[in-house]
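Heads up: the sequence shown begins at 1 in the UniProt record's numbering, then just goes up one per residue.
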Amino acid sequence: MNTHASGELCEWIIKNSTDGISVFDLEGNFVLINKALERIYGWEESELIGKKISILDSNEFENAKQALQQGEKDMQYETVIKRKDGEFYIAHTFFAVRSPEGKFTAVACISKDISDRKAMEEKAMKSYQDLLNTIRYQQGMTFKYKKINERYIHTLADGELLYRLGLTPEQVVGKDLFDFLPHEIASSKMNYCERAWNGEENLIYEGALNNVTYLASLKPIKDHNGSVVEVIASCIDISRRKQAEELLLQSEKLSVIGQLAAGVAHEIRNPLTALKGFSQLLKQKYNESHDFFNIMLSELDRINYIVNDFMILAKPQAVHFQWHDINNIIRSVIPIINTQAILNNLEIITEYDEETALIRCDENQLKQVIINLLKNAIEATPNGGTIQVTCKKQGKHILVQIIDQGPGIPPELIKKLGEPFYTTKPNGTGLGLMISYNIIEKHRGKLFFESRMNTGTIASIQLPL
Ligand SMILES: Nc1ncnc2c1ncn2[C@@H]1O[C@H](COP(=O)(O)OP(=O)(O)OP(=O)(O)O)[C@@H](O)[C@H]1O
Ligand SMILES: [Mg+2]
Numbered sequence: 001m002n003t004h005a006s007g008e009l010c011e012w013i014i015k016n017s018t019d020g021i022s023v024f025d026l027e028g029n030f031v032l033i034n035k036a037l038e039r040i041y042g043w044e045e046s047e048l049i050g051k052k053i054s055i056l057d058s059n060e061f062e063n064a065k066q067a068l069q070q071g072e073k074d075m076q077y078e079t080v081i082k083r084k085d086g087e088f089y090i091a092h093t094f095f096a097v098r099s100p101e102g103k104f105t106a107v108a109c110i111s112k113d114i115s116d117r118k119a120m121e122e123k124a125m126k127s128y129q130d131l132l133n134t135i136r137y138q139q140g141m142t143f144k145y146k147k148i149n150e151r152y153i154h155t156l157a158d159g160e161l162l163y164r165l166g167l168t169p170e171q172v173v174g175k176d177l178f179d180f181l182p183h184e185i186a187s188s189k190m191n192y193c194e195r196a197w198n199g200e201e202n203l204i205y206e207g208a209l210n211n212v213t214y215l216a217s218l219k220p221i222k223d224h225n226g227s228v229v230e231v232i233a234s235c236i237d238i239s240r241r242k243q244a245e246e247l248l249l250q251s252e253k254l255s256v257i258g259q260l261a262a263g264v265a266h267e268i269r270n271p272l273t274a275l276k277g278f279s280q281l282l283k284q285k286y287n288e289s290h291d292f293f294n295i296m297l298s299e300l301d302r303i304n305y306i307v308n309d310f311m312i313l314a315k316p317q318a319v320h321f322q323w324h325d326i327n328n329i330i331r332s333v334i335p336i337i338n339t340q341a342i343l344n345n346l347e348i349i350t351e352y353d354e355e356t357a358l359i360r361c362d363e364n365q366l367k368q369v370i371i372n373l374l375k376n377a378i379e380a381t382p383n384g385g386t387i388q389v390t391c392k393k394q395g396k397h398i399l400v401q402i403i404d405q406g407p408g409i410p411p412e413l414i415k416k417l418g419e420p421f422y423t424t425k426p427n428g429t430g431l432g433l434m435i436s437y438n439i440i441e442k443h444r445g446k447l448f449f450e451s452r453m454n455t456g457t458i459a460s461i462q463l464p465l
């Protein structure tokens with residue numbers, strides 16, 4: 001092709017190109033523009049030629065020129081132009097125009113309208129943000145990880161559950177398990193990480209952290225060759241389900257205890273009837289020891305009551321709710337337990353804030369609770385001291401507190417109190433508190449413990465007035 005023909009071809013290409021083409025002299029004045037550029041900028045050729053029109057950021061031109069002078073092949077910029085009909089994204093690519101001798105004579109520029117691409121990118125970005133928000137605000141948790149340098153590095157972690165576990169995405173993303181979990185817990189998860197990374201599908205495990213139990217389900221993500229490139233996990237909080245399961249287990253235990261209780265109570269009641277009968281006979285025979293017999297008989301009645309109460313566990317029984325003065329209930333219990341206290345060199349000090357404090361309750365059941373709590377307090381202080389029993393009004397409640405100077409209960413064991421058969425005593429049955437919780441609950445009250453190691457324990461009963 002001769003020079004003339006190639007010149008014509010060049011002109012034809014410039015004229016018909018769908019990309020904007022322009023040439024600037026070294027001062028930045030337009031010397032040539034094509035139709036496509038007119039369309040892109042919305043300016044006429046006559047308005048542009050020979051002028052420095054500020055449709056280009058002046059720095060952009062100067063920077064490009066400098067870089068091209070220094071030998072860069074081309075320079076690319078993306079810019080936004082404002083036209084009457086809206087904003088457009090344009091990508092400029094600058095080239096050096098050189099004379100046959102190699103002298104830098106002008107700057108050529110190809111301008112492409114990339115608004116569509118930008119719109120797509122923005123849409124994709126928005127969908128990505130939406131996805132991240134969905135992951136962030138889900139009740140559960142999603143995480144992903146991949147193997148990098150023999151370590152399983154998290155590439156994503158978010159969701160409400162993550163925060164409930166006491167973690168944040170910043171603590172997890174870019175890290176392996178050992179970076180944010182206690183060593184023991186991290187090691188226990190490694191096996192699952194490995195198995196999922198090796199392609200095992202639908203791997204499920206249970207984890208717990210900060211009193212939250214969760215169920216994680218792992219799934220490997222594979223590329224078109226079937227190689228695992230990442231593992232995705234979704235987790236749900238199953239703490240409530242766990243608690244329900246435990247309650248169920250506890251209530252199953254309780255029903256077994258109930259059956260046992262019924263049997264034991266039955267066996268105790270028969271000899272009691274005999275004892276009571278003979279005590280009555282003796283009372284008639286030895287009139288002078290009248291008081292002793294009265295005490296014996298009333299105590300036998302109490303045993304009978306307690307045995308009956310024990311049977312509450314076996315089947316619900318009618319409880320006799322009546323108005324009673326809680327101060328009197330406490331007063332009547334102290335003599336019963338005092339012998340044991342004296343043996344342990346203990347003094348029981350009582351403090352009643354109110355003259356009378358009437359509550360609706362089953363008297364014998366409340367006596368049983370106070371005896372159980374006092375017995376625990378005495379057993380906790382074998383080397384003497386004092387046990388304080390206080391009774392005061394607190395808003396719409398009565399608060400009875402039994403305060404001992406025993407060794408205290410470690411915080412992690414407080415939640416075990418009331419579990420059937422939980423005992424630390426060689427001869428304990430571990431039923432005392434369970435029965436007490438049961439009774440207080442029936443009175444719509446609350447039983448709770450505060451304890452300081454080597455200082456003592458406060459057992460509090462809160463009852464509605
Ligand atoms: N005041 C206290 N100080 C220290 N530990 C206590 C106290 N009260 C309860 N505990 C702990 O709670 C456990 C359970 O008490 P609970 O009364 O239910 O059973 P127990 O006293 O062991 O047996 P029992 O069935 O004979 O009452 C006790 O074994 C003891 O470890
Ligand atoms: Mg006890």
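Glycine is no exception: its CB is placed at the ideal position from the N, C-alpha and C atoms.
Using 8 Å for Cβ pairs, my map puts residue i next to residue j. What's the rounded Cβ distance?
i    : j    : result
L68  : F94  : 6 Å
S239 : T213 : 5 Å
K144 : H154 : 7 Å
R302 : D237 : That pair is no contact at about 48 Å.
I337 : K375 : 7 Å
G430 : F421 : 4 Å
H324 : I359 : 7 Å
L9   : I21  : Contact doesn't hold; Cβ gap of about 14 Å is too wide.
T142 : L131 : Contact flag wrong, Cβ pair sits at about 10 Å.
G199 : V228 : 6 Å
Once DSSP output is grouped into helix, strand and coil, what is the label at residue i?
i           : result
K51         : coil
Y192        : helix
M120        : helix
V172        : helix
R444        : coil
S17         : coil
A111        : The sequence as given places Ser at residue 111; Ala does not occur at that position. DSSP places S111 in strand when its eight states are reduced to three.
K393        : strand
I409        : coil
S127        : helix
Y305        : helix
Y77         : strand
T429        : coil
residue 469 : One cannot answer for residue 469 here, as it falls past the ends of the chain, which runs 1 to 465.
F293        : helix
F421        : coil
I45         : Checking the sequence shown, residue 45 turns out to be Glu, not Ile. In the structure shown, E45 sits in a helix (DSSP, three-state: H, G or I).
L9          : helix
L181        : coil
L68         : helix
E101        : coil
K165        : Here residue 165 turns out to be Leu, not Lys, going by the sequence shown. Looking at L165 - three-state DSSP - the assignment turns out to be coil, as it is neither helix nor strand.
H320        : coil
E27         : coil
Residues bridged to residue i by DSSP?
i           : result
D325        : L358
S451        : T457
residue 470 : Outside the shown range of the chain, which is 1 to 465, sits residue 470, and nothing can be said about it.
P464        : H397
A96         : V107
G277        : In the DSSP output, where bridge partners are listed per residue, G277 has none listed.
D158        : T142
A265        : Answer is none; A265 lacks a bridge partner.
K415        : Bridge partners of K415: none, in fact.
I33         : S22
G86         : R83
I402        : V389 and A459
A91         : E78 and K112
At a cut of 8 Å, does the segment 447-463 reach the segment 397-404 through at least three beta carbon pairs?
yes
With a cut-off of 8 Å, do at least 3 Cβ pairs link the segment 121-128 to the segment 27-41?
no
Go through the segment 332-389 residue by residue and report every complete run of the beta strand (DSSP E) that reaches 3 residues or more, in order.
346-352 and 358-361
Flag this pair as touching only if the segment 60-74 and the segment 40-47 have three or more C-beta atom pairs under 8 Å; answer yes or no.
no
Does the pairing of the segment 343-354 with the segment 437-454 give three or more beta-carbon distances under 8 Å?
no
Which whole runs of the beta strand (DSSP E) in the UniProt domain "PAC" (197-250) are 3 residues long or more, in chain order?
Here the runs fully enclosed are 203-209, 212-222 and 228-237.
Can you find at least 3 beta carbon pairs, one from the segment 99-113 and one from the segment 136-145, that sit closer than 8 Å?
no
Within 8 Å, do at least three Cβ pairs link the segment 351-371 to the segment 404-421?
No, the segment 404-421 is not in contact with the segment 351-371.
Between the segment 239-249 and the segment 206-221, are three or more C-beta pairs nearer than 8 Å?
Yes, the segment 239-249 is in contact with the segment 206-221.
Does the count of Cβ pairs from the segment 267-274 and the segment 174-182 closer than 8 Å reach three?
no
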